[in-house]
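Residue numbers (the numbering used here): 1193 to 1451.
The beta-carbon is built from N, C-alpha and C at its ideal position, and this holds for glycine as well.
Just so you know, these numbers come straight off a predicted model, no measurement behind them.
Notes to accompany the following structure.
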DNA sequence: ACTACGTCCTGCGAGC
DNA sequence: TGCTCGCAGGACGTAG
């Protein structure tokens, strides 16, 4: 469930703690979190692209991390169960917990080609995003619009809750296969707005996601659609409905979001 | 090329 | 009370 706002929130905290530190040890406890020994290397950058975290490791490459569904990055892990990767530095240790092991950690060595999924990522949400360009990608194709929002190619970093929230805000039916340019532009603007707001509130802490210090985000209390099935739509009072689109649980308002 | 679907994995809550 | 079962979903592989 960690989506762009959640990853960005931990990125900011990691940047404060890890930038300029020296790695003293790294421990890998599972194949999905396998990284060569980085002892002595300096962390020179803490970046994010979509839902991926990228730690620049001086003279070695980039440490690529994805939180998957249940991934947690913790500065001091109280619960050691499901900790698959540890990165110790001269300032402290970063623990990667991931009960369901959908996440991963790997090192992109200097000279390695950039993985395809990273290359295919669309624009980052934000003020510099070209709404027209993203909308042009979004209107292409025959799949349900929600599937196209989730495939990362129009805008990077969207997951299930951002998709449901944006579709509701833009009044587009999640199963709609033919969206207009006008609808697509509404969607992209909604994404921008929701991403910004969610980051401001430290993201959504619904089940597993927590901050580096174990703290929780607050945006789960401001969700207008996702997870509110059976409850009234804030716009029209109609009961929100849950269906499956693109294999994902999808909540929407049958009155506001018509095909 | 695009689209659809199965797979990975564990915790949790509903229902009996 | 204790069990089983279904569901949660990001990315990827494969099939059509």
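How many Å lie between residue i and residue j at the Cα?
i            : j            : result
residue 1391 : residue 1232 : 33 Å
residue 1247 : residue 1299 : 9 Å
residue 1338 : residue 1366 : 5 Å
residue 1274 : residue 1321 : 37 Å
residue 1413 : residue 1402 : 15 Å
residue 1283 : residue 1306 : 30 Å
residue 1294 : residue 1261 : 6 Å
residue 1451 : residue 1364 : 7 Å
residue 1405 : residue 1278 : 15 Å
residue 1285 : residue 1329 : 41 Å
residue 1213 : residue 1326 : 37 Å
residue 1250 : residue 1229 : 13 Å
residue 1271 : residue 1324 : 46 Å
residue 1446 : residue 1416 : 14 Å
residue 1351 : residue 1373 : 22 Å
residue 1205 : residue 1436 : 35 Å
residue 1315 : residue 1196 : 12 Å
residue 1400 : residue 1199 : 13 Å
residue 1444 : residue 1371 : 16 Å
residue 1309 : residue 1346 : 13 Å
residue 1297 : residue 1407 : 23 Å
residue 1362 : residue 1227 : 42 Å
residue 1334 : residue 1237 : 39 Å
residue 1349 : residue 1259 : 12 Å
residue 1303 : residue 1255 : 14 Å
residue 1218 : residue 1368 : 47 Å
residue 1432 : residue 1448 : 10 Å
residue 1257 : residue 1301 : 14 Å
residue 1290 : residue 1235 : 23 Å
residue 1332 : residue 1311 : 19 Å
residue 1434 : residue 1441 : 7 Å
Pull the bridge partners of residue i from the DSSP assignment, please.
i            : result
residue 1238 : 1247
residue 1264 : 1289
residue 1257 : 1245, 1297
residue 1434 : 1443
residue 1448 : Beta-bridge pairing links residue 1448 to no other residue.
residue 1277 : 1220, 1288
residue 1315 : 1347
residue 1424 : 1431
residue 1214 : 1234
Just to check my reading of the structure: residue i and residue j have Cβ atoms closer than 8 Å, yes? What is that Cβ distance to the nearest angstrom?
i            : j            : result
residue 1313 : residue 1242 : 5 Å
residue 1393 : residue 1419 : At roughly 15 Å, the Cβ-Cβ gap does not stay under 8 Å, so residue 1393 and residue 1419 are not in contact.
residue 1193 : residue 1398 : 6 Å
residue 1201 : residue 1281 : Rounded, the Cβ-Cβ distance is 20 Å, inconsistent with contact.
residue 1438 : residue 1336 : 6 Å
residue 1288 : residue 1263 : 7 Å
residue 1395 : residue 1411 : 6 Å
residue 1203 : residue 1240 : 5 Å
Nearer than 7 Å: is that true of the beta carbon of residue i relative to any heavy atom of the ligand HEM?
i            : result
residue 1354 : The ligand HEM is not part of this structure, which contains no ligands at all.
Count the C-beta pairs between the segment 1420-1428 and the segment 1339-1355 that are closer than 8 Å, then say yes if the count reaches three, no if not.
Segments in contact, no.
Below 8 Å, how does it come out for the segment 1367-1378 and the segment 1217-1228: are there three or more Cβ pairs, yes or no?
As far as the Cβ criterion goes, the segment 1367-1378 does not touch the segment 1217-1228, which means the pair count is below three.
When the Cβ atoms of the segment 1352-1360 are set against those of the segment 1383-1397, are three or more pairs found closer than 8 Å?
By the criterion of at least three beta-carbon pairs nearer than 8 Å, the segment 1352-1360 is in contact with the segment 1383-1397.
May I ask you to verify whether the segment 1258-1272 touches the segment 1196-1212, counting CB pairs closer than 8 Å and requiring at least 3?
The segment 1258-1272, when compared against the segment 1196-1212, does touch it at the 8 Å Cβ threshold.
Let me know the beta strand (DSSP E) ranges lying completely inside the segment 1333-1407, each 3 residues or longer, listed in chain order.
Given a length threshold of 3 residues, the segment 1333-1407 has no whole run of the beta strand (DSSP E) inside it.
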